[in-house]
Amino acid sequence: MTHEEHSEDSTWVTTFVFIAGLLFGAGTALLLAPESGTSLRTRLARGAKTAQDELAAIAAEAKTTLATLSKEAQEAIKHTTERVTAAVDKTKEAIVTPPLESRSREESNERPNPMG
């Protein structure tokens with residue numbers, strides 16, 4: 045895991061813990077506040093809706109981030125595959141085809157010597 049990936053993971057954890065703490069604190073404050081039942085239920089419903097909206101926004105952002113990371117990973121895999129394939133092809137070619145210098149010597153040895 046790279047430093048950048050670890051940093052992104054840490055940011056998500058920190059954000060999640062902050063939001064969870066915020067919701068817990070808000071819920072506790074609402075339950076301990078001296079209000080009528082109707083007013084408290086209205087505030088709780090409003091708070092739940094706000095939390096739901098925030099979580100939906102976080103989920104949408106996470107989905108977008110995952111899609112981007114997936115695309116980048118696919119491109120990296122494709123690029124790496126192309127590089128490895130090219131390296132394998134060059135290696136095969138080097139094994140099958142002797143170096144030009146060796147071929148020149150072999151060809152000169154195979155020709156009949158007109159002098160002798």
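For the sequence shown, the positions run 45 to 160 when our numbering is used.
In this text, a Cβ means the ideal position worked out from N, Cα and C, and glycines have one as well.
- If you look at Ser83, you'll find it in the alpha helix (DSSP H) that goes Gly81 to Val140.
- In the pairwise beta carbon analysis, the segment 96-110 is classified as not touching the segment 78-85: fewer than three pairs are separated by under 8 Å.
- CA-to-CA, the gap between Thr135 and Val128 works out to about 10 Å.
- Distance from the CA atom of Thr125 to the CA atom of Lys115, rounded to whole angstroms, is 15 Å.
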